[in-house]
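Down below is the structure, laid out as structure tokens.
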Amino acid sequence: MKLVIAEKPSVAMSLAAVLGATERKDGYLEGSGYLVGWCVGHLLELAQPEAYKEQYAKWRYEDLPILPENWKYEVPKDKKKQLALLCRLMKDKRVDSVVCATDAGREGELIFRLVYEYAGCNKPMERLWISSMEDAAIREGFDHLRPGSDYDKLYDAAVCRAGADWLIGINATRLFSVLYGVTLNVGRVMSPTLALLVQRESDIESFISRPFYVPEITCGGFTASGEKMTERSEAEKIRMDCDHNSAFVRSAEKQVKTIQPPRLYDLTTLQRECNRIYGYTAQQTLDYVQSLYEKKLATYPRTDSQYLTKDMQATAASLILWLRDNMPFGKGCAGEPDIDRVTDDSKVTDHHAIIPTVEIARTDLSELPSGERDVLTLLAVRLLCATTQANRFEAVTAMLDCQGYTFTAKGKTILQSGWKEVERIHRMSIRQSETEHRENEAVALPVLQEGQTFEAVSASLREGKTSPPKHYTEDTLLSAMETAGAEDMPEDAERKGLGTPATRAATLEKLVSAGFVQRKKKQLIPTEKGKNLIAVLPDNIKSPILTAEWESMLKQVEHGELSATSFMDQIADMSRTLVKEHTTPEERFADLFPSSKGTAHEAVGVCPRCGAPVFEGKKGFFCGNRECSFALWKDNRFFSSKKKSITKSVAAALLKEGRISMSGLYSEKTGRTYDAEVILDDTGGKYVNFKLEFPVKKGRRK
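The sequence shown begins at 2 in the working numbering and counts up one residue at a time.
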């Protein structure tokens, strides 16, 4: 009997239905020689520093860097039951082999392998590697299961990725938080991504808009423009010299140009397009396409390829013909589908491009949630665009002479709409703004002959101002993340950029939830907190080049070209250097963090649980470390029953000494007041406890 372990329940149900494992058990399914169980995402996570040494519970400079020799893992409370079940199933005597059916990628491999190792399982392991949840694809995958050992290097890369994130995140976060007295979250991918946003904001703020002037002449039903000028008087002179005078065509060049169809979607290009057209965030798009994948309507989403493999050509051809005949934008296609141009086995590693599945033909799209319907429609549009004819047009560039000044007019005439007709029909159906539509329209010039003369032209002056760089949107930021550091890496480097298609969305969400970035409509704007963090971080932490190199190295680990030990040694060396080079806070950054200057926002004390700064809030005093739950509530029941409250001075004393002497404490039992020492008795639970200690009374003299 085979035990099949999927990444989530919905996928397990689909696999079980195909395999015939239809008998429901408590937490798994059984039947036809299979047990089908599931994880719920990561069942094991890297343990916090205090799991290695108790002293690491507090944030102290002298403990850094923290470099575990061997990784320890912990189980989230809400996942202990499922992990125990999978361990029991692996040890079931009926099970002779285990099939890893988690998502076919780096993280999916990690999710399964950690459970397999935690259970101490040594039964043969096989790998299901599929790019579609269609029944036929599942059957094909189980007919050709691969040895689990084929993916050992993928697992190594996954462990390295998680370990690198832990080492940089823990050490850099603690280092700069301790130095500046505020919690400063640092991440291997998150920090350089934030740096891109901060740099763009700086470019915008420092930009000085300057006016410009363009003399133009109108003749024969079209307008020709002169050179852009910074001096109005110079441009005005040209306008006056040309107005009502004649102009002649010095040259008129024609050139037939071709715009080839776009490539198919990988995850990043799909996320960018969805943000640009619909305003969806990267995470929303990933959620929508993941749901479509689980509903068997789209292929595997976490891919970085924009091509199909040869064995998919027949299926793709029938799907394209159906889309042409049944989708409104299909009528924009012309000629035979060219599937060869989207087929290249050498450019597909783990998974091919994202396309709809043939299940779309049996689905009522109106019943899908709007977000999923939008994404699936885009996938269909792109498949048709990518396989139909190229867009061809005749570009005309005319140079006119008026009073010795040169003016240029450009126009184009569409010869073959090709794939742009499919796109146009789709854009019209979603009511894309008329402005954007007009910008994409071709403007044709009249037939012009060299030497042709126009009498009494009308001259005018077009005024404008230079524009600052635009704020990043998720569309443009994803593009920047994808190419970050590429110019400083060798051409043959296989992985460039910040993060992977599967992790970029989560990185953006973390930046927003941590308060480093805020969304304003489609724009991503760094907050003051985000700007200040980037200001104090050293260049290598916030530079995309180093992170891009690490991504490339992780690919090398995956391919067996670099050992996991070598990779982790480099990360550890960097952690040591980071701590060694930053021993004290820099004076020039003191103004960025008021808590270090003793203002109203200063730290009240140090958290007894984790060592992070404790700050005063409206209702209490709270640890600055988001992962720590320590809090001293001002209206604490212990104090309020004694007609007292935790003031700032009381909190400071409790945090520093662990106790404070108080007078005038009210007794609910006697109605009288008394003096005592209040002792902080924190056991690490949800609430902090307190106890009383009374002064020893001196005996009377006899």
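Note that beta-carbon positions come from the ideal geometry of N, C-alpha and C, so glycine has one too.
Under the Cβ criterion (8 Å, minimum of three pairs), the region 27-35 does not count as touching the region 51-60. Among the bridge pairs identified by DSSP, Glu75 is matched with Glu46. Gly38: member of the beta strand (DSSP E) spanning Tyr35 to Trp39, first to last residue. Taken atom to atom, the span from the alpha-carbon of Ile355 to that of Gly516 is near 33 Å.
Assignment of Glu8 by DSSP, reduced to helix, strand and coil, places it in the coil class. Per DSSP, Gln557 is one residue of the alpha helix (DSSP H) stretching across Pro545 to Glu559.
Linking Lys238 to Glu228 through their CA atoms gives a straight-line distance of about 13 Å. Two segments are said to touch when three or more pairs of C-beta atoms, one from each, lie closer than 8 Å; by this definition the region 31-42 touches the region 4-11.
Closest option to Ala410, judged by alpha-carbon separation, among Glu118, Lys255 and His583: Lys255. Looking only at Arg589, Glu206, Glu232 and Gly32, the smallest Cα-Cα distance to Arg463 is reached by Glu232. Around the Cβ of Ala315, a 10 Å sphere holds fewer than 16 other Cβ atoms; the residue is exposed. The beta-carbon separation of Arg128 and Cys101, rounded to 5 Å, stays under the 8 Å limit for a contact.
The Cβ atoms of Val605 and Ala677 do not sit closer than 9 Å to each other.
Judged by DSSP secondary structure, Leu377 falls within the alpha helix (DSSP H) whose first and last residues are Ser371 to Thr388. For Leu416, the three-state secondary structure derived from DSSP is strand. Beta bridge pairing from DSSP links Phe223 with Cys220.
Taking Ser15 as reference, the option from Ile139, Glu475 and Val448 with the minimal CA-CA separation is Ile139.
Secondary structure of Gly28 (DSSP, three-state): coil. For Glu395, there is no enclosing alpha helix (DSSP H); the enclosing beta strand (DSSP E) covers residues Asn392 to Cys403. Here Lys80 is not near Lys258, since their CB atoms are 9 Å or more apart. Shown here, Thr508 sits in a helix according to DSSP, grouped into three states. Scanning its chain for C-beta atoms nearer than 6 Å, with the 5 sequence neighbours on each side dropped, one finds around Gln284 the residues Ala506 and Glu510, in chain order.
The Cβ neighbour count for Leu693, taken over all protein chains shown within 10 Å, is under 16; the residue is labelled exposed. For Asp242, the closest C-alpha among the options Gln519, Glu669, Gln307 and Cys403 is that of Cys403.
Rounded to the nearest angstrom, the Cβ distance from Ser252 to Glu562 is 55 Å, too far for a contact under 8 Å. Taken atom to atom, the span from the alpha-carbon of Ala48 to that of Glu628 is near 13 Å. Residue pairing by DSSP places Ala253 opposite Ala399 in a beta bridge. Between Lys645 and Gly665, the C-beta spacing is below 9 Å.
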